[in-house]
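Read through the structure below, which is laid out as structure tokens, and then see the notes.
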Amino acid sequence: MAPAWLQRVVTLTVLLVLPVAGRAQTHESRMACPEQLVGLRSTIWTTVDIPVCWEASAPADGQERTWVRSAVQATWEKHSALRFTGWEGCSASSRGIRMGSADINPHTKGMGNQLDGNPEGMMHNFTFEAWSPNCRQRREECIRTIAVHEFGHALGFAHEQNRSDAPDWCQAEAQGTSGDINITPYDLHSVMNYCNPKWAGNGQLSAEDIAGLQAWYGRPQAATARFDGTWQATLTYSDRTCVADAVSLTVRGAQVQGRVQTPAGQVVEIAATLDQEARFEGLQFRLNPRDLVTLRGRLTGGMVHSTDCGCGQYTFTKQ
Ligand SMILES: [Zn+2]
């Protein structure tokens, strides 16, 4: 008997799976299937930087991890403001999408942000010995195609065939969690639709997939332009006799300008640049002759060090 909390986890876990590769779509009326990119609103990620990592069950010594990464980068990432970051081994506390591999039906345990930090929240299949053995001779193609479909779920997109206004033959394919908002109009070629005559659209986003993706996650932008705007943080220090300083920054592309206001009312102008990963390059300012303050990390957060007040952490939030 599993403990109560485990039962609850199991009850809440909804697997979103993919049909076996190469299954012919033969229904004569398939052109009438209303195929739409459909999503579950509550699962939309509120960040465009989504960490991904690999669980130990996904072997690191082959090319499979690289295939998954490049397939996702060439589709969901290329056509939106999203950036999938990390791609290294998971730790016990890793957030974001945690990916494993087993010789089973590839799936996600939920949709969108439900996967955040969920161990083996996305499962790939790198071997195809038991499941979909016709992928054995074309593993790269299958692994890439599956990755694109499963990452669609990880972004909150559901199976279109689950829609109540799909034709009966198409609804018969219903599987997993249904969406609750139709983002795009009719489109036969979505990677999220089992009715697609090509298995998971051959891993190629349709025009409507891209339109729906951009409706939720924005259009592609230069990495730094994603952070344009005004940001504010309070710098606190390990030396509790030092009081916090308020910092306000304005970001325009890679250029950062702003001001620090000390509790005593002193104002210091500051300037820096951001690199492609939104890390500060040279954000230092002097509050008095012996107190040099340095921010180390990304715009969104990192460590602060003061020669007078010790170290601490900062988190900038966009206003
Ligand atoms: Zn699916």
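For the sequence shown, the working numbering begins at 1341 and goes up steadily by one.
For glycine and all other residues, C-beta sits at the position ideal for the given N, C-alpha and C.
- Residue range D1631 to R1638 is occupied by the beta strand (DSSP E) that includes G1637.
- Each residue's CA atom was taken as its position, placing W1407 and S1420 some 20 angstroms apart.
- Following the DSSP letters along the chain, one finds V1587 inside the beta strand (DSSP E) bounded by residues D1585 to R1592.
- In the three-state scheme derived from DSSP, where H, G and I count as helix and E and B as strand, A1421 is classed as coil.
- Per DSSP, the beta bridge partners of Y1654 are G1642.
- Three or more Cβ pairs closer than 8 angstroms define a contact, and the stretch 1574 to 1592 meets that threshold against the stretch 1643 to 1656.
- The C-beta distance from L1632 to R1626 rounds to 5 angstroms, short enough to meet the 8 angstroms contact threshold.
- In this structure, the beta-carbon distance from Q1544 to V1531 falls below 9 angstroms.
- In the structure shown, the three-state DSSP call for C1535 is coil.
- A distance criterion of 8 angstroms places the beta-carbon of H1529 beyond contact range of ligand 1, judged by its closest non-hydrogen atom.
- Secondary structure in the stretch 1433 to 1518: the alpha helix (DSSP H) runs of 4 residues or longer, each lying completely within the stretch, are 1479 to 1494 and 1508 to 1511 in chain order.
- In this structure, Q1515 has its beta carbon less than 8 angstroms from a heavy atom of ligand 1.
- For H1645, the distance from the CB to the nearest heavy atom of ligand 1 is not below 8 angstroms.
- Below 8 angstroms, enough C-beta pairs join the stretch 1481 to 1499 and the stretch 1379 to 1390 to call them touching: three or more.
- In the pairwise beta carbon analysis, the stretch 1462 to 1482 is classified as not touching the stretch 1413 to 1430: fewer than three pairs are separated by under 8 angstroms.
- Residue state for V1388 is assigned as coil, using DSSP reduced to three classes.
- Less than 9 angstroms divides the Cβ of M1439 from the Cβ of V1392.
- Pairing S1504 with G1461, the inter-Cα distance amounts to about 27 angstroms.
- Ranking S1588, R1592 and G1593 by CA distance to the CA of R1599 puts S1588 first.
- A residue is called buried once 16 or more other Cβ atoms fall within 10 Å of its Cβ, and K1449 is buried on that count.
- Rounded to whole angstroms, the gap between the alpha carbons of R1476 and W1394 is 22 angstroms.
- A straight-line Cα-Cα distance of about 13 angstroms links K1658 and R1638.
- Comparing C-alpha distances from A1398 to each of P1446, I1390 and A1414 shows the shortest one belongs to P1446.
- For A1586, the number of other beta carbons within 10 angstroms of its own is below 16, and it is reported as exposed.
- For E1617, there is no enclosing beta strand (DSSP E), as DSSP marks it with neither H nor E.
- Spatial neighbours of Q1595 in its own chain (CB-CB distance under 7 angstroms, excluding positions within 5 residues in sequence) are listed in chain order as T1613.
- A1396 carries a coil assignment under DSSP once its states are collapsed to helix, strand and coil.
- In the three-state DSSP reduction, Q1554 falls in the helix class (H, G or I).
- For ligand 1, a non-hydrogen atom lies closer than 8 angstroms to the CB of M1532.
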